[in-house]
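Enquirer: Residue numbers (our numbering): 18 to 121.
#1: Between the Cα of residue 116 and those of 54, 77 and 101, spot the shortest distance and give me the residue it belongs to.
#2: When DSSP labels each residue in this structure, what does residue 50 get in the three-state scheme?
#3: Between the region 65-75 and the region 87-101, are three or more C-beta pairs nearer than 8 Å?
#4: The alpha helix (DSSP H) spanning residue 91 covers which residue range?
#5: Quick one: measure Cβ to Cβ for residue 40 and residue 50, integer angstroms, because I've assumed they're closer than 8 Å.
#6: State the CB to CB distance for the pair residue 74 and residue 87, rounded to an integer number of angstroms; the pair is presumed to be in contact (CB under 8 Å).
#7: May I have the straight-line CA-CA distance separating residue 145 from residue 36, to the nearest angstrom?
#8: Would DSSP call residue 66 helix, strand or coil?
#9: Cutting at 7 Å between CB atoms, please list the residues of its own chain near residue 78, excluding the five before and the five after it.
#10: State the start and end residues of the unbroken alpha helix (DSSP H) segment that holds residue 114.
#11: Should residue 114 and residue 106 be called a contact, given that it needs their Cβ atoms to be closer than 9 Å?
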């Protein structure tokens with residue numbers, strides 16, 4: 018599982034949410050990898066949320082129903098357009114820029 022460094026993205030959260038037995042079982046099946054701090058641009062979910070805010074919800078919306086409807090329409094449109102994320106960095110570029118954030 019690839020995660021950013023949000024404070025809820027840690028093993029402790031499993032034990033706060035599930036029983037010890039259930040958390041142990043789930044954690045046997047999961048391996049965590051974290052993106053470097055200040056590298057949210059590597060996280061496709063962050064990119065998608067940013068697009069959603071910019072194109073759809075970055076303004077006052079009157080009701081929860083209207084919010085849900087507008088998000089559904091935005092998702093439908095994005096899927097119909099078959100949008101893709103075009104990465105600006107090659108693997109080498111990313112390594113050169115981010116390697117200092119990893120412990121070797």
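Note that CB positions come from ideal geometry on N, CA and C, so glycine has one too.
Expert: In short, the structure shows the following:
#1: Against the chain shown, residue 116 aligns to sequence position 99. The shortest Cα separation from residue 116 among 54, 77 and 101 belongs to 54.
#2: Counting from one through the chain shown, the residue named residue 50 turns up at place 33. In the displayed model, residue 50 falls within a strand according to three-state DSSP.
#3: yes
#4: Taking the first residue of the chain shown as 1, we reach residue 91 at position 74. Start and end: 81-98.
#5: One-based indexing of the chain shown puts residue 40 at position 23. One-based indexing of the chain shown puts residue 50 at position 33. Wrong, their Cβ atoms sit about 19 Å apart, outside the cutoff.
#6: As a working note, residue 74 is residue 57 in the chain shown. As a working note, residue 87 is residue 70 in the chain shown. That belief holds up - the Cβ atoms of residue 74 and residue 87 are roughly 7 Å apart, short of 8 Å.
#7: Only positions 18 to 121 of the chain appear in the structure, and residue 145 is not among them; the question remains open.
#8: As a working mapping, residue 66 is identified with position 49 in the chain shown. Helix at residue 66.
#9: Against the chain shown, residue 78 aligns to sequence position 61. So the list reads 84 and 87, once near-sequence residues are dropped.
#10: As a position in the chain shown, residue 114 is number 97, starting the count at 1. Unbroken alpha helix (DSSP H) run through residue 114: 108-115.
#11: Residue mapping note: residue 114 aligns to position 97 of the chain shown, counting from 1. Residue mapping note: residue 106 aligns to position 89 of the chain shown, counting from 1. Yes.
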